[in-house]
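Novice: Residue numbers (this note's numbering), protein chains in the order written: chain A, 43 to 181; chain B, 43 to 181. Built from N, CA and C at the ideal position, the CB exists for glycine as well.
Number of protein chains: 2
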Amino acid sequence: MRIGEIATRTGVEVETVRYYEKAGLLPPPARQTNGYRAYGMAHLERLAFIRHCRALDIPLANIRELTRFMEKPPADCSGINALVDEQLRVVRARLKSLKALEKQLSLLRQRCTEGGRGKCGILEELVAAAHGEACACHG
Amino acid sequence: MRIGEIATRTGVEVETVRYYEKAGLLPPPARQTNGYRAYGMAHLERLAFIRHCRALDIPLANIRELTRFMEKPPADCSGINALVDEQLRVVRARLKSLKALEKQLSLLRQRCTEGGRGKCGILEELVAAAHGEACACHG
DNA sequence: CAAAACCCTGGAGCCGCTCCAGGGTCAAGC
DNA sequence: GCTTGACCCTGGAGCGGCTCCAGGGTTTTG
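1. Establish whether the CB of A/I48 and some CB of chain B are separated by less than 7 Å.
2. Evaluate A/R79 with the Cβ neighbour count: other Cβ atoms within 10 Å of its Cβ, from every protein chain shown; 16 or more gives buried, anything less gives exposed.
3. Answer yes or no: does any C-beta atom of chain A fall closer than 7 Å to that of B/L102?
4. Would you mind stating whether B/L140 and B/E167 have Cβ atoms separated by less than 7 Å?
5. Within the continuous alpha helix (DSSP H) that includes B/I105, where are the two ends?
6. Against chain B, with Cβ distances strictly below 7 Å, would A/T52 count as a contact?
7. If we cut at 7 Å on Cβ distances, does B/V126 have a partner in chain A?
8. DSSP beta-bridge partners for B/A72?
9. Can you pull the chain A residues whose beta carbon is under 7 Å from the beta carbon of B/R136, in chain order?
10. Which stretch, first to last residue, makes up the alpha helix (DSSP H) that contains A/G46?
11. In whole angstroms, what separates the C-alpha of B/M43 from that of B/F91?
12. Can you grab the Cα-Cα spacing for the pair A/L102 / B/D118, in whole Å?
13. Could you check what DSSP says for B/A124 in three-state terms: helix, strand or coil?
14. Nearest CA to the CA of A/I164: which residue from B/G163, B/E144, B/I105, B/Q152?
15. In or out: A/Q74 buried (at least 16 other Cβ within 10 Å) or exposed?
16. Are the C-beta of B/Q152 and some C-beta of chain A separated by less than 7 Å?
17. Short of 6 Å in beta carbon distance, which residues of its chain neighbour B/T58, apart from the five on each side in sequence? Order them along the chain.
18. Any idea if B/T109 is buried or exposed, counting beta-carbon neighbours within 10 angstroms, 16 or more meaning buried?
19. Measure from the C-beta of B/L149 to each C-beta in chain A and report whether the shortest distance is under 7 Å.
20. Exposed or buried, what is B/R153 when buried is set at 16 or more other beta-carbons lying within 10 Å of its beta-carbon?
21. Rounded to whole angstroms, what is the Cα-Cα separation between A/M83 and A/V133?
22. Can you look up A/L98 in the DSSP assignment and give me helix, strand or coil?
23. Quick check on B/Q74 - is its C-beta less than 7 Å from some C-beta in chain A?
24. Going along the chain, which residues of its own chain have a beta-carbon closer than 6 Å to the beta-carbon of A/T52, five neighbours each way excluded?
25. Let me know if A/P71 comes out buried or exposed under the rule of 16 or more other beta-carbons within 10 Å of its beta-carbon.
26. I want to verify the contact list: residues of chain B whose CB lies under 8 Å from the CB of A/E144, in sequence order.
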């Protein structure tokens, strides 16, 4: 299997596949006589694994750790749990701040219709923050 | 006001202030005879404005546009509306995918306790994805 | 047999900072 | 007067996770 095929089969860009190899996530494959990369099923699986983890927004460094776990399973899976828990914590924190963000932005958006002729409620709101006045965002 | 003061007053790092100048967001201030940057109130306001926009996760390019609007207010504020709407759209999209993510991760986390001695449900789940089997994440 | 599609390497660019090396300047304390 | 430490300067590199490009070679298609 050449790089183009493994890429389309996993839904990853060709450049990204090479990047994963360079980053030490995907083991370097054998080469054909012309220098082309020759992948096997193990690579396909590994790449699908990486993609799956990335879909969960797990950082590359953590995926590297997970693959190490896979190759050499630890006695207990407390390391793996910690990793997933950590990821869950990160995601939940991001979720929280994004929710706040959405609220602020929709408040800001409402400002547009207020303020009458020639005045832009949005810009005024943003400038108010610069003056340290109370604003919809920072109380 | 020197760079350290304006930085602490707005809660921005000194390096970041210089970066905003280089990025064309903060106009270059006057210089003291020793070469130190000398900021005035206008800079303080502008920096607070930038920081506020960043707190709303508005990208620097859009902040640049907003400051242009401020310096030269347009007849209508449809450009500004579009900008805020766009930001809102981005945030909502991110929110949606983060919510899905959180669900997948907590499902994954539950797998740990299942599967008995020596088996790691989490790793198995992730590997199942590599095999293209149905998994908690991609159906 | 030419054009298109694929492959290779090495390096730069994206965003929004952050940090570092290698210097200059200045106020306070001994 | 001299050291210490805090502050300031510039220019450039590094982060993550790709993405794109130049400048080549090879294979497939019409």
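Specialist: The answer reads as follows:
1. no
2. buried
3. no
4. no
5. 102-113
6. no
7. yes
8. B/A80
9. L140
10. 45-52
11. 18 Å
12. 46 Å
13. helix
14. B/I105
15. exposed
16. no
17. none
18. buried
19. no
20. buried
21. 32 Å
22. coil
23. no
24. L89, A90, R93
25. buried
26. L130, V133, R134, L137
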